[in-house]
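Take any residue in the sequence shown, note its place counting from 1, add 13, and you have its number in this note's numbering.
Even glycine gets a Cβ: it sits at the ideal position worked out from N, Cα and C.
All values reported here derive from a predicted model rather than from experimental measurement.
Remarks on the structure that follows.
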Amino acid sequence: MEGQRADGSFGVHPYTKWTGAHWRLVSLAELGVPGRSRAARAAANTVLNWIAALSEPVVVAGKERRHASMEGNALAVCCHLGMAHSLRVRRLVEVLLRSQWPDGGWNCDPNPDAHHSSFHETLAPIWGLAEYHRNTGEGRARRAARRAAELLLEHRLFRRTSDGEAIHPEWLNIHWPHYWHYDFFHGLRAIARLDLLTDRRADDAMELLLQRRRDDGTWRAGGQRYWRLRGESNLEVVDWGDAHEVVTAAALAMLQ
14 MEGQRADGSF
24 GVHPYTKWTG
34 AHWRLVSLAE
44 LGVPGRSRAA
54 RAAANTVLNW
64 IAALSEPVVV
74 AGKERRHASM
84 EGNALAVCCH
94 LGMAHSLRVR
104 RLVEVLLRSQ
114 WPDGGWNCDP
124 NPDAHHSSFH
134 ETLAPIWGLA
144 EYHRNTGEGR
154 ARRAARRAAE
164 LLLEHRLFRR
174 TSDGEAIHPE
184 WLNIHWPHYW
194 HYDFFHGLRA
204 IARLDLLTDR
214 RADDAMELLL
224 QRRRDDGTWR
234 AGGQRYWRLR
244 GESNLEVVDW
254 GDAHEVVTAA
264 ALAMLQ
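As structure tokens, then:
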């Protein structure tokens, strides 16, 4: 929280990669920041103010195109911070429920020919909706999260339905931080929040998780660091290194 200002912000737009309040809070939630942290709640309020001011929905070919990872991450963080009963947080849920595609996920692609949800945009909404249900008991949120999880399971979390091959080679690696990008590991974490790891369609991904364990019994992040983009600040507020501690803890939790 170093550099936080009196208004709860960090002197940049909440979505600035990767120093804005939105991304800092995602990292803090992953690290288990205390739920009653006043500083974190103040930062969350700046995120909610920003999201509430977003433009009207974009509907193309009958489907709403939305960067649902924004609402999903914000929803998960706010629930972690004990803000689930806020009206502004409830609005995030309503937006996600309204914009969910028929196949269970979400997509921001404005191309009218895009008819399949994006796994990247679907990952965070599962997290957020699952956390909202856990905090409020809201059945619609859980059902929406289960629909989204079904999309992942239909693909065995990383395979094409057409030929069974990996949808993308990077999905076979573990990334940390992932921020909003998808891979098999974070797909497993998503369905774990809904107690779906015992679904047989997750077996391939669970086997891949075991294969990724190192000789010393730990797991580490690898693969392309795709969040380091040209033209971006690319500053990260957490020195994750190979993230072996958080990745190993998450992996072991799924294997228990």
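Run of the beta strand (DSSP E) containing residue i, from where it starts to where it stops
i: R78; result: 76-78
i: V251; result: Here V251 belongs to no beta strand (DSSP E), and DSSP marks it neither H nor E.
i: V72; result: 71-73
Residue j beta carbon less than 9 Å from that of residue i
i: A34; j: V60; result: yes
i: A215; j: L170; result: yes
i: H133; j: D116; result: no
i: I64; j: L105; result: yes
i: F198; j: A264; result: yes
i: L38; j: A57; result: yes
i: T32; j: L207; result: no
i: L268; j: L222; result: yes
i: R233; j: I187; result: yes
i: W184; j: Y192; result: no
i: A218; j: G230; result: no
Bounding residues of the alpha helix (DSSP H) (the contiguous stretch that carries residue i)
i: V102; result: 100-112
i: V60; result: 51-65
i: N124; result: Premise fails: N124 is in no alpha helix (DSSP H) and is neither H nor E.
i: N86; result: 81-93
i: A97; result: Note, A97: premise wrong, no alpha helix (DSSP H); not H, not E.
i: R159; result: 152-167
i: M14; result: Looking at the DSSP string, M14 is not in any alpha helix (DSSP H), and its letter there is neither H nor E.
i: L223; result: 216-224
i: A205; result: 197-205
In DSSP terms, what residue i is bridged to
i: A179; result: R172
i: V46; result: According to DSSP, V46 bridges with nothing at all.
i: S131; result: W119
Residue i burial status per 10 Å Cβ neighbour count (16 or more: buried)
i: T135; result: buried
i: P182; result: exposed
i: G21; result: buried
i: Q113; result: buried
i: E107; result: exposed
i: G270; result: As shown, the chain starts at 14 and ends at 269. That puts residue 270 outside it, with no answer to give.
i: G254; result: exposed
i: E220; result: exposed
i: R213; result: exposed
beta-carbon residue i near the ligand MN non-hydrogen atom, thresh 8 Å
i: S99; result: Absence of the ligand MN is noted for the structure shown, with no ligands found whatsoever.
**Study point:** Contact between the region 144-152 and the region 85-99 (3+ Cβ pairs under 8 Å)
**Key:** Taking 8 Å as the limit for Cβ pairs, the verdict is that the region 85-99 does touch the region 144-152.
**Study point:** Meets three-Cβ-pair contact criterion under 8 Å: the region 65-73 and the region 22-41
**Key:** The way I'd put it, the region 65-73 doesn't touch the region 22-41; fewer than three beta-carbon pairs between them come closer than 8 Å.
Check your understanding: Is the region 171-183 touching the region 114-126 in the sense that three or more CB pairs, one from each, lie closer than 8 Å?
Key -> Judged by pairs of C-beta atoms under 8 Å, the region 114-126 does not touch the region 171-183, as fewer than three such pairs exist.
Check your understanding: Does the region 38-52 touch the region 100-116, meaning 3 or more C-beta pairs lie closer than 8 Å?
Key -> no
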